[in-house]
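Residue numbers (my numbering): 38 to 1113.
Virtual Cβ for every residue (Gly too), placed ideally from N, Cα, C.
Nothing here was measured: the structure is a model prediction, and the numbers come from that model.
First comes the structure, then the notes that go with it.
Shown next, in the form of C-alpha cells:
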C-alpha cells in the first residue's frame, strides 16, 4: 500500500480550512466509478466547516451526477464546484440547490474566434498529412482539438500509453511535428486570428483552445474564500495528479500552482513520471491516497470538534453575575500542575479569576499559615470596536454560552454583543491547559464583525497587580528580545518563589495584516493588535503562554521564554491536538460507562474530569488540596481527603499520580516526625492541613461575621489522618506491587505511623485507649476511644508489622539500612502486637451496634428524618453546643469503617450499624453522602443508594453545599467514583486479588469500567442481573473472584464471564475464542 500519509506528515497535524482539488484522476479514477466513499468523507469535512472546492475541466452536470448530488443539508453550503476550466464557480444554497456564483460567458465574437482557431489547426494538419482531426464544439468557452478520436475517454492511468499512441498516430499519418507541433500551430493561429489572452492546455488526447483555465478557478478560490474570509494561505491545501510536465507540456494541475501565494500546500497523488515542480509534494497513490489524506483530515477535525456526547459537556447559558464565581469553579481547566478558573477573559463584576500553581504557597504575614498564591492573570483581555470596549455589563448580550468539553479539556465561549449603535460583534474564545505539556496554556480569540466595519483592537497580556488576599508580587516585565511577545516575572513574599510567564500572540497570516506592538507597564505586560475589519470577516488571535516557577528550574524566566519559542514553532493547533490526545489516553482508563441513566453518567464524567486536572504525576512534592486548583477556599491545604477519598481513583486509573501523592507524604515525613515529637510522642503525626513542608497549617481559630471567635481543634484532634496515609500506602502497594516505592518509602511511612499509635495509646484495665481525639464526626470534637480512630490505628499497626516482615524476608539489605537509619529495634514489634491485640474495640454492649465513641449512646437521641424538609444544615438549626449533646453525626464515621474494614464485621453487624447511623447523620460534610451511598449499594438498599448517589453527584453541579464558588469538592468527586466502583460494582481488593459482586440500580442496564491492577488493565462490563464480563490485559494474569467465593486465576489476554443465576453470581468461566 502506498505510504502517502507518511510522505506528507502535515496532513496528520494541521486542519486545513480550504481543500481544493482536481476531480478526475485525483479524487476519483474516472467519471464512472462510485464516488460515494469520497463523498462521505468530504461531506464529513463540510460538516466541520471545511470549504471543499472541486476544480475541474468538465461541466457542472458531470460533477453533480457523480458527486455533489450525493450530498444534502446546510453543510453543503461549504461545497464549491469550479467547472469548465475556470469558466464557472458553483455553490449551494441552504436548500442544497446549486447556485452559480461566478460565470465567464464568451461573446459571439469570441465564440467565433474559438471555432476559427480550432478549425484552422484541423485544416492545416489534415492538409499536411493523412491524420484526421476532430473538433469538440460543445464546451463552455473553449474548443477541443481531438488528436486521436478513435480512443474515447482514455483513463488517466493510461497516460503513458496514450502519449505513445498519439505521437505514433501523428507520425504514421505524416504529421512530423507531433503533439508539440500541433500545440505550437495552435498558438500561432490564435495570434494570427486575434484571440487575445488565449488559454491553451493539453491532456495529450486534446489541445484545448479556451478563454479560461484552472488558474482562474484558483484565483476565484483565493479571492472569494481566502481573502474575503481572511483564511491564511497556510490553511489551504490544493491537490492534483498532474502538476509535473507531460509530453513537454505543463501538467493540467500546474495551473492551480500559485508561486506568489506563499504558504499553500500543494500535493500530487499522481504518477508524475517527469517529477513535480519545486514546492509540490509528491505522494502518489492516486485516488486511494486522496481518500486516505481526507480521512486524516477528518480525524483531526473529529478531535478538534466539540464532543458529541452531551454527558461530557458542561454548558452554562447566559450570564448571571450572582452565580459567576460558582460557574468559574466548575469550568476550570487544568492539568495538575496548574488550574485556571473559568473566568470571563475581559473581566466582569462578581468575578474571581485565578490561576493557581500547585506548590506555590506563601504567607500573608510573617508567622501566619501558608496558602495558595494567585499568580498573574494570563487571560487578561480587552476588545475594542472603534473606541468602545466590548463588555458583558454594557450594551446587549445577544447570545452568551460557555461549554466545558470535559473529554478534551477545552473551555469554549461564544458571545454575540450588540452595542448602543446596533453593531453586532461575534466573539469566540477557546482555552486549554495542556495535559500533554503541563507548562503550556493557550487561548484562541475569534472575532467577527457581523454588520459593521472599521478598526478592531485587542489588548491581551499578563496582569501583575491583583487586589487579592494573596497574590504574587510584580518583579519584572519586558519584551522578549529578538522576537515578539512579552515575559512577566513575579515573586512570593515569604516563600521566595519566582513565577515566570512568557506569552506570544499572533494573527494567522491572511489578508488582514494587523498592527502589532507590545505594552509594558508597572502592573503588566501585554500585546496590542489592531486591524481594519470588514463585515463578515473573521480574525483569529492565538495566544500561547509558557509558565515556570523556581520550584521547577533555577532560571524560570529563561526556561519560560525558551519553552515558548518551542511551543510557537509547533503552533496552536499542534499543541491543541497534543492536549486532546493526552486526554483521550487518560479517559481510556478513567472513564466509567453507565447505560440507562445519562444524568448519572454526566456526574461521573464531571467527577473524573476534575480529579484528572487535580493530580500531578510529575511532582512528588505536592498533593491535591480539598478544592484542588479550582479555588482558594481552605487555602489550598491538603487534608485526609487526598488519601481517603481521591487517592483510590488514581490508584486504579492513573497509578503514576497515586505514587506522586504518596511520595508527597514521604517527603513531608520529617514534618510529621516533628509534630509527634512536639507532643512527646514517637513516630510521626501528619498535619491535618499541610502544604509543601508538612507543618501543621490548620488555623487556630476563626472569627464569624458576628464577631464570635471559634476555636478550631481539628489540627490537634483529628489524628486519624495518620491512618488515612497508611491506608493509602497499603492500598497502592496492594494494587500496584510497586516494589521501588514500597521498599524505599512506603514501609518507612507505615512504621512511623504505627510507632505514633503505639506511643499514643494508653493502657487501662488491660485495654489500650486513645483519649482526647476527634473522629471524622466533627460535631463531637474531643472524645475518647473514637472507634474509627481505634480500629484504623490497629489496622495501621498490623500492616506496619506485615511490612517489616516482608522487608526482612524480601529485601534484607534494605531493611538493615532502614532499621539503622530510623533507629528501629526488634523489641518494638511485641509492643506493637500488644497494643493492636488489646486496643479498645467496644465489645462490651453484647450486640452488633458499635458505639462511635465512649459515651456516644448516652447522648440525646435524634432522628434526622424528623427535621425534613430543611434548607440549612441541621447543626445550624440546633446550634453548636446543642448539637454536641446529641447523637447527631456530621459525616460518615462508623459507616466509613463498614466500608474500609468490611471484613472485620459480620453482614448483620454492617446492616444494623448502617441503619442506626444513617438516621442520625446530618451530612454536614461533602465527604459523607458517597460513603453512605457506597455501603447502601453493597447492602442492596437501592432507594438509599440512589438518594446518596444524587446527593454526592450534584454537590457542585447543583451547589448543594452553597460554597462551590470556592472550588469544587474534590473528596466528594473521589467518593462518587468509589461509590460506583466499590459500591454498585461491589469491587473489593483483598488477599492480592479483586472480588466483585455487582448490585446495580434497576434503571441501569450496564456498568463498564477499567482498573489498573498489578501493572495490567482489567476491563469490567456488567449487565444488570445478567452477566459480568472481564477482559484481562495481555501483561499478566489476574486473581479475580465473586465476593463470598474464592479467587480464580484468570489468564492474560483472555475473556471471562460470570452469569447471574437468579440468586447469585456464578464463578467466572473462560470464554473460548469465537464464542459469544
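Worksheet item: Since residue 561 sits in a beta bridge, which residues does DSSP pair it with?
Response: Per DSSP, 500 and 558.
Practice prompt. Drop a sphere of 10 angstroms on the beta-carbon of residue 894, count the other beta-carbons inside from all chains shown, and report buried for 16 or more, exposed for fewer.
Written response: In the assembly as shown, residue 894 is an exposed residue. Its beta-carbon has fewer than 16 other beta-carbons within 10 Å.
Fill in: Residue from 277, 248 and 239 whose Cα sits closest to the Cα of residue 63
The residue with the shortest Cα to Cα distance from residue 63 is 277.
Worksheet item: Among the residues of its own chain, which have a CB less than 6 Å from the CB of residue 537, if the five just before and after it don't count?
Response: Result list for residue 537: 526, 585, 593, 594 and 597, in chain order.
Worksheet item: Any heavy atom of the ligand HEM closer than 7 Å to the Cβ of residue 499?
Response: The ligand HEM is not part of this structure, which contains no ligands at all.
Practice prompt. Determine the burial state of residue 950: buried for a count of at least 16 other Cβ atoms within 10 Å of its Cβ, exposed for fewer.
Written response: Buried, by the Cβ-count rule.
Worksheet item: Which residue spans inside the segment 921–973 form an unbroken alpha helix (DSSP H) run of at least 4?
Response: Qualifying alpha helix (DSSP H) stretches, in chain order: 931–937 and 944–955.
Worksheet item: Taking the C-alpha atoms as reference points, what is the distance between residue 516 and residue 486?
Response: Taking the straight line joining both Cα atoms gives about 30 Å.
Discussion item. Looking only at its chain, what residues have a beta carbon closer than 6 Å to the beta carbon of residue 730, apart from the 5 residues adjacent to it on each side?
Written reply: The answer, listed in chain order, is 708.
Fill in: Uninterrupted beta strand (DSSP E) stretches inside the segment 227–261 (no shorter than 3 residues)
Taking only runs of at least 3 residues, the beta strand (DSSP E) segments lying wholly in the segment 227–261 are 236–239 and 243–247.
Worksheet item: Can you tell which of 106, 762 and 116 has its C-alpha closest to the C-alpha of residue 87?
Response: Here the closest residue by C-alpha is 116.
Worksheet item: When the Cα of residue 1100 is compared with those of 60, 331, 425 and 1034, which residue comes out closest?
Response: Comparing Cα positions, the closest option is 1034.
Worksheet entry | Sheet register partners of residue 1075 (DSSP bridge) | Per DSSP, 1087.
Worksheet item: Are there 16 or more other CB atoms within 10 angstroms of the CB of residue 909, so buried, or fewer, so exposed?
Response: Residue 909 is classed as exposed because its beta carbon has fewer than 16 other beta carbons within 10 Å across all chains shown.
Worksheet item: Can you tell me the Cα-Cα spacing of residue 324 and residue 300, whole angstroms?
Response: Straight-line measurement puts the Cα of residue 300 at about 24 Å from the Cα of residue 324.
Practice prompt. Work out the CA separation of residue 65 and residue 57 for me, nearest whole Å.
Written response: Going from the Cα of residue 57 to the Cα of residue 65 covers about 14 Å.
Item to complete: Return the CA-CA distance between residue 648 and residue 683, expressed in angstroms with no decimal places.
Response: Distance from the CA of residue 648 to the CA of residue 683, rounded to the nearest whole angstrom, comes to 7 Å.
Fill in: Simplified DSSP state of residue 168, which is helix, strand or coil
Residue 168 falls in the coil class under three-state DSSP.
Discussion item. Quick check: residue 45 and residue 320, are their CB atoms within less than 8 Å of each other?
Written reply: Yes. Within cutoff.
Practice prompt. Figure out for me which residue from 70, 229, 89 and 68 has the closest Cα to the Cα of residue 78.
Written response: For residue 78, the closest C-alpha among the options 70, 229, 89 and 68 is that of 89.
Worksheet item: Between the segment 823–836 and the segment 905–920, are three or more C-beta pairs nearer than 8 Å?
Response: Taking 8 Å as the limit for Cβ pairs, the verdict is that the segment 905–920 does not touch the segment 823–836.
Discussion item. At the level of alpha carbons, what is the spacing between residue 912 and residue 963?
Written reply: Distance between the alpha carbons of residue 912 and residue 963: 15 Å.
Worksheet item: Given that a residue counts as buried once 16 or more other Cβ atoms are within 10 Å of its Cβ, and exposed if not, what is residue 892?
Response: When all chains shown are included, residue 892 counts as exposed.
Discussion item. Which residues does DSSP list as the beta-bridge partners of residue 885?
Written reply: None, per the DSSP bridge assignment.
Worksheet item: How about residue 358 and residue 377: do their beta carbons lie closer than 8 Å?
Response: Going by C-beta atoms, residue 358 is not nearer than 8 Å to residue 377.
Worksheet entry | Buried or exposed by the 16-neighbour rule on C-beta atoms within 10 Å, applied to residue 227 | Residue 227 comes out buried.
Worksheet item: How many angstroms separate the CA atom of residue 785 from the CA atom of residue 848?
Response: Roughly 13 Å between the two C-alpha positions.
Item to complete: Quick one: which unbroken beta strand (DSSP E) runs of 3-plus residues sit fully inside the segment 997–1056? Chain order, please.
Response: Given a length threshold of 3 residues, each whole run of the beta strand (DSSP E) inside the segment 997–1056 is given here in chain order: 1025–1027, 1030–1033 and 1043–1050.
Item to complete: Compare the C-alpha of residue 340 against each of 458, 616 and 522 and name the closest.
Response: Nearest in C-alpha terms to residue 340, of all of 458, 616 and 522, is 616.
Discussion item. Just to check my reading of the structure: residue 1016 and residue 1075 have Cβ atoms closer than 8 Å, yes? What is that Cβ distance to the nearest angstrom?
Written reply: Actually they do not touch by this definition, with Cβ atoms about 23 Å apart.
Worksheet item: Which runs of the beta strand (DSSP E), 3 residues or longer, sit entirely within the segment 474–537?
Response: Those beta strand (DSSP E) runs which fall completely within the segment 474–537 and span 3+ residues are 477–486, 491–500, 510–516 and 523–528.
Worksheet item: Given a threshold of 16 other Cβ atoms within 10 Å of its Cβ, counted over all protein chains shown, does residue 748 qualify as buried or as exposed?
Response: Answer is exposed; the Cβ neighbour count stays below 16.
Worksheet item: Mind pulling the alpha helix (DSSP H) runs of 4 or more residues that sit fully within the segment 594–672?
Response: Listed in chain order, the complete alpha helix (DSSP H) runs (minimum 4 residues) inside the segment 594–672 are 609–627 and 635–649.
Worksheet item: Which runs of the alpha helix (DSSP H) spanning at least 4 residues fall entirely within the segment 120–208, listed in chain order?
Response: DSSP runs (the alpha helix (DSSP H)) wholly in the segment 120–208: 145–165.
Worksheet item: Which residues share a DSSP beta bridge with residue 436?
Response: Residue 436 is bridged to 453.
Practice prompt. For residue 180, I'd like the list of residues in its chain whose CB is within less than 8 Å of its CB, leaving aside the five on either flank, ordered along the chain.
Written response: For residue 180, the CB contacts under 8 Å within the same chain, skipping 5 residues up- and downstream, are 151, 152, 154, 155, 172, 173, 174, 245, 246 and 247 in chain order.
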